[in-house]
Amino acid sequence: MEKITTRRWARLGAVVGTGALLVGVLAGCSGAAPGADSGSTDTDAALKEDVTLTWWTWSDTTQEQADAISEVYPNVTFDVVKLENPDAVVTKLQNAIKAGKGAPDIVPVEYQTMPQLTLGKALADLTPYGLAEYEDAFTASTWNSVNVQDQLVGLPGDSGPMVMIYNKALYEKAGITEAPTTWDEFATASAAIHAADPEAYIANSGDAGFFTSMIWASGGQPFKTDGENVTIDLQDEGTKKFADFWSDRLNAGELSGLATWSDEWTKALTQDKLGTLLMGSWMISGGMEDYGPAGRFQVAPMPTWDGQPASAENGGSGLSVTSQSEHKAAAAGILKYLAEGDGRALLNANGFPSTIADLENPEWLDAPFPGYSDQPANQVGAASAESVITGWQYLPYQGYANNVFSDSVGKALGSGGDLNEALVAWQDTLVEYGNEQGFSVNK
Amino acid sequence: MTVAHVHAQPPAGVSTETYATVATTGTASKGGRRRRARRDWAGWWFVGPFMLIFGLVFVAPLLYAMYLSLFRETLMGGNSFVGLENYAKAMVDPKFWEAMLRVSIFLLVQVPIMLGLALFAALALDSARLRWVPFYRLSIFLPYAVPGVVAVMIWGYMYGSQFGLVADINRFFGVELPSPLAENFILLSIGNIVTWEFVGYNMLIFFSALKAVPQDLYEAAEIDGAGTFRTIFSIKLPSIRGAMVIATIFSVIGSFQLFNEPSILQTIAPNSITTYFTPNLYAFNLSFAGSQFNYAAAIAIVSGVITMVVAYLVQLAGEKNETKS
């Protein structure tokens, strides 16, 4: 015991202190258990109390919306955090869920990632808060998207029934005076446009989101989830139909390889080198005037296989409350406000609506768009919303699927080749991943 | 109970240090050992802050990654201990080895070119035949000061074969250059960006080493009648061998860690750059797109070990040559 001198005590203290500091720092990483939530489902009562709600977003307009809501509910203050894009929001949210804390109260979620985040237990079921009563107000396809595995995990925000936005002048230069209504006509136009100007293409080859939407619009339903059981068939009839068609365009050299939203892609649009955008209706008011003078672009329905209207959703997102939120009732109350009336108008100010009343509103339908030489373009989008093919499902790990799309299908799109073969390779990756992750895929 | 225990707290007004010093020297019989103990303690004061930071930012994450790599957490079914299974999987993962092969090729081709150019530039600046040396030095170094993200965006624009610089060259000369962003050329294009970025940095390492060569060596060489090239090969290059080894090791590590350039180019050439283009990109995508944090940790550790081994071999080779000469 003699060895224990003052110095040794001091040293011991320093060591323990360092250790404590380390532990403290590490503990700071793990944090407290989520949900000091009162558990009350009374949204009206929750909104009468002072509360600060954190709201992540990728949109520039969320702050304005939050300010407007605060005027209606003076007790509610919002802490709006803007992130780069939807992918960044998903990554950050998943990390917060994994860490056990740090998730916001309100978060926008793309329809295609709703299943993934539901599965990751990131989103709260909104049914107990009375959100389910709004079902009849929304289109079937968007309401279907926010209902995952018998839970209501979001409130539909905007929607993206697909439309074809095309460069009328470019088509006319190639002798195509009418927008193609079938894919056969689209193929004819494609060849004509590329023949008239070898640097011009009818479209670019597209990314994962485009590809899945096009499969959807062609009647394919490659992904089916029922609890843990997942079925993937990227060679079903609809998928094959689109893959064959797109392979032909690709191998004829008629598709531009530019990545959607890249600088070169923008230049191609502004310089009459890219003829068509096959996108969700949110693109109707998505700034097409930036890509050319008024009247250059027109909005047309999606071409179909048999001339009968058929469409799909492309993009679009809803608002969810996270499972970690300590103010679920208040957050759900805000979603209720945004579900109808003034609140809904606030959401609809930016984006294509998902509410039936708005889609049928004559004033909105007949509004002329100067950018499309006064075409009442919303009508095209509204018609598309009605012809969205029902029954589509995304994978419960769609984020991963879209990420590895470039390894197989993207590769084939880039260097030419058989898209069906690439789709099978994509499927193999997805089956292997799913089984590894504890699903029962194609078993 | 010991004396030290009783007097553990210094009296008021006396600092712990002073008190302890007095107390220790006071007990004379075991003074030798006490002094040694004091030396230890003083050392820790100096090393402590470093060790703390070292432990926090270096050892702790490394240990955590190792810990992570022994588990497998899945979306369904939770977390389970799997021992070395993740490592076994990495050993036979064709994607990982394809990525390793790719950065190895990159290393073997790009690093010699980059270091060769840097050496040439450093020798040219040191030759005393150039005017405005600071101007050239700064110009060559400037790309290093451009943030990597910006650099890749600049090059990404130039590489555009429909609207970029490549397109302009094609049109102006009436030629048809292959697209630098196509799958077959993308590695070359990345190598070009990295070379542009880091020639200046390596040039500066070489140049400063050259500046440290004693002037009398040159005078001796001159008296012996050595020409410019003889001076370079017999004096300058041997003198900066150490700097060359260091620069090579940095470049080896940089090659294995290739991430920024492919990651940013992916947004404009998504179909040419796979999610497993380099080991780092693979680990990144595994964890952030696939939520396979555990496997990503194993991949990161394996590629870290390989990098260390290669860097060590380079260092050994450098030292061996040094003893030979």
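Protein sequences, first through last, are from chains A and B. Straight run, no breaks: the first sequence in UniProt numbering ends on number 443. Straight run, no breaks: the second sequence in UniProt numbering ends on number 325. We put the CB at the ideal spot given by N, CA and C, even for glycine.
* **LEU258 (chain A) versus ASP407 (chain A) - alpha carbon distance** => Counting from one through the first sequence, the residue named residue 258 (chain A) turns up at place 258. Counting from one through the first sequence, the residue named residue 407 (chain A) turns up at place 407. Approximately 17 Å, taken between the alpha carbons.
* From A:ASP150, A:TRP183, A:LYS267 and A:ALA103, pick the residue whose C-alpha is nearest to that of GLY307 (chain A); which is it? -> Reading the first sequence from its first residue, position 307 is the one you call residue 307 (chain A). Out of A:ASP150, A:TRP183, A:LYS267 and A:ALA103, A:TRP183 has the C-alpha closest to the C-alpha of GLY307 (chain A).
* Among A:PHE352, A:LEU277 and A:ASP207, which residue has its Cα nearest to the Cα of TYR291 (chain A)? -> As a first step, residue 291 (chain A) is located in the first sequence; it is residue number 291 there, counting from the start. For the residues A:PHE352, A:LEU277 and A:ASP207, the minimum Cα distance to TYR291 (chain A) belongs to A:LEU277.
* **Contacts of GLU261 (chain B) in chain A (Cβ-Cβ under 8 Å)** => As a position in the second sequence, residue 261 (chain B) is number 261, starting the count at 1. Near GLU261 (chain B) there are no residues of chain A at all, since even the closest Cβ is about 16 Å away, more than 8 Å.
* Closer than 7 Å, Cβ to any Cβ of chain A: which residues of the stretch 245-258 of chain B, in chain order? -> none
* Any C-beta of chain A under 9 Å from that of ILE154 (chain B) -> Along the second sequence, one-based indexing puts residue 154 (chain B) at 154. Output row for ILE154 (chain B): interface = no.
* Asked: In its own chain, which residues sit with a C-beta less than 7 Å from the C-beta of THR113 (chain A), not counting the 5 before and 5 after it?
  -> To locate residue 113 (chain A), count along the first sequence from 1; it is residue 113. Cβ within range, chain order: VAL90, GLN398 and GLY399.
* Asked: Buried or exposed: GLN215 (chain B), going by 16 or more other Cβ atoms within 10 Å of its Cβ?
  -> Along the second sequence, one-based indexing puts residue 215 (chain B) at 215. The residue is exposed, with fewer than 16 neighbouring Cβ atoms inside 10 Å.
* Taking Cβ to Cβ, would you say PHE439 (chain A) is nearer than 9 Å to ASN229 (chain A)? -> For the purposes of this step, residue 439 (chain A) is taken as residue 439 along the first sequence, with counting starting at 1. For the purposes of this step, residue 229 (chain A) is taken as residue 229 along the first sequence, with counting starting at 1. Cβ distance < 9 Å, so PHE439 (chain A) and ASN229 (chain A) count as in contact.
* Check the Cβ of MET76 (chain B) against every Cβ in chain A and list those closer than 7 Å, keeping chain order. => One-based indexing of the second sequence puts residue 76 (chain B) at position 76. Going along chain A in sequence order, the residues near MET76 (chain B) (Cβ under 7 Å) are GLU228, GLN437, GLY438 and PHE439.
* Asked: Under 7 Å Cβ-Cβ, which residues of chain B neighbour ALA425 (chain A)?
  -> Translated into positions along the first sequence, residue 425 (chain A) becomes position 425. Neighbours of ALA425 (chain A) in chain B, taken as residues at a C-beta separation under 7 Å, are lacking, since the least C-beta distance is about 12 Å.
* PHE250 (chain B) versus HIS194 (chain A) - alpha carbon distance -> Taking the second sequence and counting its residues from 1, the one referred to as residue 250 (chain B) is at position 250. Taking the first sequence and counting its residues from 1, the one referred to as residue 194 (chain A) is at position 194. The alpha-carbon atoms of PHE250 (chain B) and HIS194 (chain A) are separated by roughly 48 Å.
* Which residue comes first and which comes last in the alpha helix (DSSP H) that contains TRP143 (chain A)? -> Working through the first sequence from its first residue, we reach residue 143 (chain A) at position 143. It spans 140-146 - the alpha helix (DSSP H) in which TRP143 (chain A) sits, taken as one unbroken run.
* Asked: Would you say ASN442 (chain A) and ILE232 (chain A) are within 9 Å of each other, going by their C-beta atoms?
  -> Here the question's residue 442 (chain A) lines up with position 442 in the first sequence. Here the question's residue 232 (chain A) lines up with position 232 in the first sequence. In this structure, ILE232 (chain A) lies closer than 9 Å to ASN442 (chain A) by Cβ.
* **Residue-level contact to chain B via CB, THR91 (chain A), 9 Å cutoff** => To locate residue 91 (chain A), count along the first sequence from 1; it is residue 91. Yes, its Cβ sits closer than 9 Å to a Cβ of chain B.
* **Own chain, CB closer than 6 Å to SER30 (chain A), minus 5 neighbours either side, in chain order** => Taking the first sequence and counting its residues from 1, one reaches residue 30 (chain A) at position 30. Since pLDDT at SER30 (chain A) reaches only 36, below the 50 mark, its modelled position is unreliable, and the value read off the structure follows with that caveat. Same-chain partners within the cutoff: there are none.
* Tell me, please, whether the CB atom of THR278 (chain B) is closer than 9 Å to any CB atom in chain A? => Counting from 1 along the second sequence, the entry for residue 278 (chain B) is found at position 278. No, its Cβ sits nowhere closer than 9 Å to a Cβ of chain A.
* To do: Please list the partners that GLY164 (chain B) has in chain A, where partner means a Cβ-to-Cβ separation under 8 Å.
  => By 1-based counting over the second sequence, the position of residue 164 (chain B) is 164. Within 8 Å Cβ-Cβ: GLU264.
* By a C-beta neighbour count over all protein chains shown, 10 Å radius and 16 as the cutoff for buried, is THR77 (chain A) buried or exposed? -> One-based indexing of the first sequence puts residue 77 (chain A) at position 77. Exposed: under 16 other Cβ atoms inside 10 Å.
* GLY333 (chain A) touches chain B at which residues, Cβ-Cβ below 9 Å? -> Against the first sequence, residue 333 (chain A) aligns to sequence position 333. Those within 9 Å of GLY333 (chain A) in chain B number zero; the least Cβ separation is about 31 Å.
* If you run the structure through DSSP and keep just helix, strand and coil, what is ALA65 (chain B)? -> Start at 1 with the first residue of the second sequence, and residue 65 (chain B) comes out as number 65. The answer is helix: DSSP assigns ALA65 (chain B) an H, G or I state.
* Asked: Between the Cα of ALA187 (chain A) and the Cα atoms of A:ALA312, A:MET283, A:PHE245 and A:THR139, which residue gives the shortest distance?
  -> As a first step, residue 187 (chain A) is located in the first sequence; it is residue number 187 there, counting from the start. Comparing Cα positions, the closest option is A:PHE245.
* To do: Return the bridge partner residues of SER80 (chain B) from the DSSP annotation.
  => One-based indexing of the second sequence puts residue 80 (chain B) at position 80. Its beta-bridge partners are B:ARG72.
* Asked: In this structure, does DSSP put LEU268 (chain B) in helix, strand or coil?
  -> If you number the second sequence from 1, residue 268 (chain B) lands on position 268. Sequence check: residue 268 (chain B) is Ile here, not Leu. The answer is coil: DSSP assigns ILE268 (chain B) none of H, G, I, E or B.
* Asked: How do the stretch 144-160 of chain A and the stretch 118-126 of chain A stand: do at least 3 beta-carbon pairs fall below 8 Å, yes or no?
  -> The stretch 144-160 of chain A makes contact with the stretch 118-126 of chain A; the number of CB pairs closer than 8 Å reaches 3 or more.
* **Where the alpha helix (DSSP H) containing THR54 (chain A) begins and where it ends** => As a first step, residue 54 (chain A) must be located in the first sequence, where it is residue number 54. It is not in any alpha helix (DSSP H) - THR54 (chain A) instead sits in the beta strand (DSSP E) that spans 51-57.
* **CB of PHE297 (chain A) within 9 Å of CB of TYR201 (chain A), strictly** => In the first sequence, residue 297 (chain A) corresponds to position 297, counting from 1. In the first sequence, residue 201 (chain A) corresponds to position 201, counting from 1. Going by C-beta atoms, PHE297 (chain A) is not nearer than 9 Å to TYR201 (chain A).
* Asked: Within 9 Å (strictly less), CB to CB, does ASN271 (chain B) reach chain A?
  -> Start at 1 with the first residue of the second sequence, and residue 271 (chain B) comes out as number 271. Yes - at least one Cβ of chain A is within 9 Å of the one on ASN271 (chain B).
* Among B:TYR159, B:VAL194, B:LEU75 and B:LEU187, which residue has its Cα nearest to the Cα of SER179 (chain B)? -> As a first step, residue 179 (chain B) is located in the second sequence; it is residue number 179 there, counting from the start. It is B:TYR159.
* Measure how close the beta-carbons of ILE235 (chain B) and TYR218 (chain B) come, nearest whole angstrom, since I'm counting them as under 8 Å. => Along the second sequence, read from residue 1 onward, the residue named residue 235 (chain B) stands at position 235. Along the second sequence, read from residue 1 onward, the residue named residue 218 (chain B) stands at position 218. Yes, they are in contact, since the Cβ atoms of ILE235 (chain B) and TYR218 (chain B) sit about 7 Å apart, within 8 Å.
* To do: Identify whether ALA203 (chain A) lies in helix, strand or coil by the three-state DSSP scheme.
  => Counted from its first residue, the first sequence places residue 203 (chain A) at position 203. In the structure shown, ALA203 (chain A) sits in a strand (DSSP, three-state: E or B).
* Should GLY238 (chain A) be labelled buried (16 or more other beta-carbon atoms within 10 Å of its own) or exposed? -> Counted from its first residue, the first sequence places residue 238 (chain A) at position 238. Per the 10 Å Cβ criterion, buried.
* Asked: Nearest chain B C-beta to ASN314 (chain A) closer than 9 Å, yes or no?
  -> To locate residue 314 (chain A), count along the first sequence from 1; it is residue 314. No, ASN314 (chain A) does not count as interfacial toward chain B.
* Report yes if the C-beta distance between TRP69 (chain A) and ALA331 (chain A) is below 9 Å; otherwise report no. => For the purposes of this step, residue 69 (chain A) is taken as the residue at position 69 of the first sequence. For the purposes of this step, residue 331 (chain A) is taken as the residue at position 331 of the first sequence. Looking at the sequence shown, residue 69 (chain A) is not Trp but Ile. For ILE69 (chain A) and ALA331 (chain A), no; Cβs fall outside 9 Å.
* To do: Assign GLU219 (chain B) to one of three DSSP states: helix, strand, or coil.
  => For the purposes of this step, residue 219 (chain B) is identified with residue 219 of the second sequence, where counting begins at 1. In the structure shown, GLU219 (chain B) sits in a helix (DSSP, three-state: H, G or I).
* **From B:VAL305, B:ASN294, B:ALA317 and B:ALA167, residue whose alpha carbon lies closest to that of PHE81 (chain B)** => Numbered from its first residue, the second sequence carries residue 81 (chain B) at position 81. From the listed residues B:VAL305, B:ASN294, B:ALA317 and B:ALA167, the smallest Cα separation to PHE81 (chain B) is found for B:ASN294.
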